[in-house]
Amino acid sequence: MPATMETDFQTQERTRLRAKYIQAVSDLTKTLKSQPQAAYRSDELDVLRVSLGSFDPNDQKFLDSSACLFKPLSSRESEKYTLVESDFDEIGLRSYKRFDEAYDSVTKEKGVTNPSPGYIMSKRANLISSHLDFLYYHSRKKIRKNLVSFYEVSGWVHIKYGNSFLDGARGLLSGDLIGLPYRLPDWRTVHMREWWKDEDASAPAYPHMMLIICSGAEAKENELLIGELGPIAQAIENRLEQAEFEETSLFPIMAISLFGPRHGRLLQAKFNKSGVLKIRASPIYSFRYKAEAPFDLFLRYLACEPRHGAEYEFYSDEEDAPMAPEYVSPPPGADKENVSPKQGDTPSAEEQ
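Residue numbers for the sequence shown follow the numbering used here, so the first one is 74 and each next one is one higher.
Below, the structure written as structure tokens:
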């Protein structure tokens, strides 16, 4: 097929897909706001035209496929980084070293009487996020004569005031919806990042986004929390409204979801060509003990590189059916970092 014909076809297809995605995500966010619930099972997600699948974040076959929207930093490259403790002030260093102790200390905060289980889980999720921040900003490798961090090497930057993304709705990004039932768990998107290939560019290089979300709830492998689905849907809806991205129909989201008791997982999301929001979830990982927590894996995805191009924008697979199959759990032992919960992982007496 001649290049001009291919370009014309892609332009028409892009216009068609954008219209489909705009309608689909609008319907989804309206439903999440009007009929919210704490979590959504696979059958409930089907009704919302959302499919929940799984992925092994270390599976090279998946990483090399067009289904992988965010390629993590390689293990070999991440091993070049070491933590520079001299970067910390005294309070920061003490907080970093007391990660394990902080698990129980959040139940005994001054001025907080009888904290709810949701409050405790939310605080613990934020502790994971803070610990990841320490490692992301203060682990450094040598380039020529300079020591540079993951953050300095990565193209991911924070979405700041004045960004047109923030002109859209924000309620589902952090659960700040007026009139939400009190029974719903709290959640907050603590970081929103986009990819800039060049600091001097006038706009981000790609529409891809990274979200770091902390939820005061406990996730299950066959469900999505509203604190996961809501931010993903809201981010895509806002992205579709930005003039900077009118020439694409590709809006992938990488979410690092942190929740209770002190656990987390990785999520990759995009609409497929049938207008179904496809979300792939990693196994759920324990962060109860620092020595066993998969901080390296999550850092590699914090420093991931977005995949882009027609092969990703127009990618089609068997999941393009109107309703994708239910979540399929990874086989036993597929990822040894997915440590089975220990006794300390269960809610403490204060959470009962």
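Glycine is no exception: its CB is placed at the ideal position from the N, C-alpha and C atoms.
Quick caveat: nothing in here was measured; it's all calculated off a predicted structure.
Proximity of residue i and residue j at Cβ, strictly below 8 Å
i      : j      : result
Ser330 : Ser288 : yes
Tyr94  : Gly348 : yes
Phe332 : Glu291 : yes
Gly303 : Leu245 : yes
Leu118 : Leu297 : yes
Asn295 : Arg122 : no
Ser127 : Arg353 : yes
Ala328 : Ala342 : yes
Phe318 : Gln83  : no
Leu323 : Tyr385 : yes
Ile201 : Phe360 : yes
Ile299 : Thr262 : no
Arg197 : Pro356 : no
Alpha-carbon spacing of residue i relative to residue j, whole angstroms
i      : j      : result
Met396 : Val98  : Unreliable placement is indicated for Met396, whose pLDDT of 37 sits below 50; the coordinate value is still reported in the next sentence. Straight-line Cα distance between these residues: approximately 16 Å.
Pro403 : Pro130 : For Pro403, the predicted model reports a pLDDT of 42, less than 50, meaning its position is unreliable; a value from the coordinates is still stated below. Those two C-alpha atoms are separated by around 11 Å.
Leu136 : Thr321 : 23 Å
Asn199 : Asp240 : 26 Å
Tyr224 : Arg338 : 21 Å
Leu258 : Ser148 : Before going further, note that residue 258 is Pro rather than Leu in the sequence given. Cα to Cα, Pro258 sits roughly 35 Å from Ser148.
Arg380 : Gly235 : 26 Å
Leu350 : Arg87  : 16 Å
Ser203 : Ile164 : 13 Å
Arg91  : Leu101 : 15 Å
Pro190 : His336 : 14 Å
Val401 : Ile216 : For Val401, the predicted structure reports a pLDDT of 41, less than 50, and the residue's modelled location is therefore unreliable. A value from the coordinates is still provided. Distance between the alpha carbons of Val401 and Ile216: 42 Å.
Cys377 : Arg213 : 16 Å
Ala293 : Leu372 : Here the sequence assigns Lys to residue 293, which means Ala is not the residue at that position. One C-alpha to the other measures close to 22 Å.
Asp271 : Ser222 : 17 Å
Glu158 : Leu220 : 13 Å
Thr80  : Gln96  : 25 Å
Tyr358 : Pro367 : 7 Å
Cys141 : Gln133 : 10 Å
Val120 : Gln110 : 14 Å
Gln108 : Asp116 : 16 Å
Ser325 : Ala112 : What sits at residue 325 in the sequence shown is Pro, not Ser. Whole-angstrom Cα-Cα distance: 22 Å.
Host beta strand (DSSP E) of residue i (start-end)
i      : result
Ala290 : 282-291
Gln328 : Looking at the sequence provided, one finds Ala at residue 328 rather than Gln. Run containing Ala328: 326-333, per the beta strand (DSSP E) assignment.
Phe387 : No beta strand (DSSP E) contains Phe387, which DSSP labels as neither H nor E.
Leu257 : First-last for Leu257: undefined, no H or E at that position.
Arg353 : 350-354
Gln341 : 336-344
Glu319 : Glu319 -> no beta strand (DSSP E), and no H or E assigned at all.
Tyr113 : 112-114
| message | For a minimum of 4 consecutive residues, which ranges assigned as the alpha helix (DSSP H) are wholly contained in the stretch 182-219? | response | 190-211
(message) List, from N- to C-terminal side, the beta strand (DSSP E) runs of 3 residues or more that fit wholly inside the stretch 222-247.
(response) Segments of the beta strand (DSSP E) lying fully in the stretch 222-247: 229-231.
Note to self: Under 8 Å, with one C-beta from each stretch per pair, do the stretch 261-269 and the stretch 216-236 reach the 3-pair mark?
What the structure shows: The stretch 261-269 makes contact with the stretch 216-236; the number of CB pairs closer than 8 Å reaches 3 or more.
Original post:
Can you find at least 3 beta carbon pairs, one from the stretch 156-172 and one from the stretch 300-319, that sit closer than 8 Å?
Top reply: no
Whether or not the stretch 172-189 and the stretch 312-323 are in contact is what I'm after, with contact meaning three or more pairs of Cβ atoms, one per stretch, closer than 8 Å; do they touch? no
Practice task
List in chain order: all unbroken alpha helix (DSSP H) runs of 4+ residues lying wholly within the stretch 116-193.
Solution key: Along the length of the stretch 116-193, whole alpha helix (DSSP H) runs at least 4 residues long occupy 133-136, 148-151, 163-170, 175-178, reported in chain order.
Worksheet item: Any chance the stretch 203-217 sits against the stretch 150-161, with 3 or more Cβ pairs inside 8 Å?
Response: yes
Stretch-stretch touch, CB-based, cutoff 8 Å, three pairs: the stretch 278-285 with the stretch 181-199: No, because fewer than three Cβ pairs between the stretch 278-285 and the stretch 181-199 fall closer than 8 Å, the two stretches do not touch.
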